[in-house]
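Written below as structure tokens is the structure these notes are about.
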Amino acid sequence: MLKKHFLLLSMLKTVVLLHIFWETAIHFHSKVWVKKVFFFKRNVYFNSVRMVPSKAERPEVNRNSSPGTITVNQTVPNGEPNVSFSHAQSLSASNSTRTSSANTISGDKHFVCSYCSKRFRCFSQLTIHQRSHTGEKPYRCTLCGKRYFQKGHLYTHQRTHTGEKPYRCSLCGKGFIQKCTLDKHLRSHTGEKPYTCTKFCGKRFAQKTYLTTHERTHSGERPYSCMECGKSFSQKSSLNVHLRSHTGEKPYSCSHCGKTHMRTHSGEKPFVCTVCGKRFAQKTYLRIHQRTHSGERPYSCMECGKSFAQKSSLNVHLRSHTGEKPYSCSECGKSYAYKQGFNTHQCFG
Numbered sequence: 001m002l003k004k005h006f007l008l009l010s011m012l013k014t015v016v017l018l019h020i021f022w023e024t025a026i027h028f029h030s031k032v033w034v035k036k037v038f039f040f041k042r043n044v045y046f047n048s049v050r051m052v053p054s055k056a057e058r059p060e061v062n063r064n065s066s067p068g069t070i071t072v073n074q075t076v077p078n079g080e081p082n083v084s085f086s087h088a089q090s091l092s093a094s095n096s097t098r099t100s101s102a103n104t105i106s107g108d109k110h111f112v113c114s115y116c117s118k119r120f121r122c123f124s125q126l127t128i129h130q131r132s133h134t135g136e137k138p139y140r141c142t143l144c145g146k147r148y149f150q151k152g153h154l155y156t157h158q159r160t161h162t163g164e165k166p167y168r169c170s171l172c173g174k175g176f177i178q179k180c181t182l183d184k185h186l187r188s189h190t191g192e193k194p195y196t197c198t199k200f201c202g203k204r205f206a207q208k209t210y211l212t213t214h215e216r217t218h219s220g221e222r223p224y225s226c227m228e229c230g231k232s233f234s235q236k237s238s239l240n241v242h243l244r245s246h247t248g249e250k251p252y253s254c255s256h257c258g259k260t261h262m263r264t265h266s267g268e269k270p271f272v273c274t275v276c277g278k279r280f281a282q283k284t285y286l287r288i289h290q291r292t293h294s295g296e297r298p299y300s301c302m303e304c305g306k307s308f309a310q311k312s313s314l315n316v317h318l319r320s321h322t323g324e325k326p327y328s329c330s331e332c333g334k335s336y337a338y339k340q341g342f343n344t345h346q347c348f349g
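In terms of full-length UniProt numbering, the sequence shown is residues 1 to 349.
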């Protein structure tokens, strides 16, 4: 009987001590005593928390910030930059944790980035954001060594190794690694084009990247430059294709003759003009042809303003301004600006 009584007293003592511990923890949490900006919540520890920090370790509190917030600037050792976050002044010692959760639900953003002043609802979002400034990539792929800011990005990347495609199109059954890629694909079925060229021509596009690339045809911007010859391109894919002219790489080989074509043998022409019914082997040829019906001439000469349906036609025209004559006769040395004139000279001398 005495043993049971002693056991009950011990359990009661433990409960009382735990209650005192939590009350003390909440009290110090409300005062925002943080070591190395490790945030403490009721049931969550971020690494470690000192309950009674020394004067040297206490963070500097700026009470002259916007009303309703306190900005805490904590100097991190080992030369790391300062990190800031804000906390509501109205938090009381007894309900600070519950109020912090309520702020997250209501959409209040009390955590401030010390680099760009961007605000966040919770400390974890701030931590992830600051990696874009520091360049920290703590999540590493064990298969290829590539590193990422967020764990979710690593999981998405690992699907490229496993072949997993969890997002499937309900219309055609095609699978995708990311949901955002599936959303973009669905526009090919619905015909939705939410991105409009508002600055120049009003043309609409299904994806934002298509709009960005299109706007370069108006602005003339060519951000991708060849390191070998200095030639610039509006698209990275165009630069990659151009680089093969230097390396001699021909990745797509014909199984019939070894050349980089296939449809010349099969005669397949899957791309059909809806206006006249003419068929083409490549989609780019169809687009160029359709300009003969629409009258579209997107390539303009900066010298005289003359417009052309094809970029190659513009390049040939520019020789009339520059005086360039790339075709030279090996017999007499005479040069020509246009291939047609050179061929005529070769035939009739």
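For each residue, glycine too, the CB sits at the ideal point set by N, CA and C.
Mind the definition here: the segment 224 to 231 touches the segment 239 to 249 only if three or more C-beta pairs lie below 8 Å; say whether that holds. yes
Just grab the DSSP bridge partners of S328 for me. S335
Whole angstroms are fine: how far does the CA of A309 sit from the CA of G295? 8 Å
Spatial distance of C116 from C144 (CA atoms): 32 Å
When you compare each of Q158, C172 and I177 to K165 by their alpha carbons, which one comes out closest? I177
Please go through the same chain and pick out, in chain order, the residues whose beta-carbon is closer than 6 Å to the beta-carbon of residue 394, but skip the five residues on each side of it. Absent from the model: residue 394. The displayed extent of the chain is 1 to 349, so no value can be given.
To the nearest angstrom, how far is the alpha carbon of E331 from that of R297? 38 Å
If you reduce the DSSP assignment to three classes, tell me which class T274 lands in. coil
To the nearest angstrom, how far is the alpha carbon of L239 from that of R222? 10 Å
Is F271 near R279, with beta carbons less than 8 Å apart? yes
Boundaries of the alpha helix (DSSP H) in which I288 is found, first to last residue: K283 to S294
Three-state secondary structure (DSSP) of Q340: helix
Under three-state DSSP, which class holds S238? helix
Just to confirm, is the Cβ distance from F149 to L126 under 8 Å? no
Exposed unless 16 or more other CB atoms sit within 10 angstroms - verdict on S234: buried
Using only the alpha-carbon positions, how far apart do Q158 and C141 sit? 7 Å
Please classify F348 as buried or exposed, where buried requires at least 16 other C-beta atoms within 10 Å of its C-beta. exposed
So, with DSSP's three-state summary, where would you put G152? helix
Beta-carbon within less than 6 Å of Y139's beta-carbon, same chain only, minus the 5 sequence neighbours each way: which residues are those? Y148, K151 and L154
Please tell me whether K339 has its Cβ less than 8 Å away from any Cβ of chain D. You won't find chain D in this structure, because it holds only one protein chain.
Neighbourhood of Y327 by C-beta, 7 Å cutoff - its chain only, sequence neighbours within 5 removed: S335, Y336, K339 and F342
Alpha-carbon spacing of G135 relative to S114, whole angstroms: 15 Å
Rounded to whole angstroms, what's the CA-CA distance from P194 to R204? Just pull it up for me. 7 Å
For a quick check, are the C-beta atoms of H185 and K199 less than 8 Å apart? no
Smallest Cα separation from C172: which of S188, D108, I128 and K109? S188
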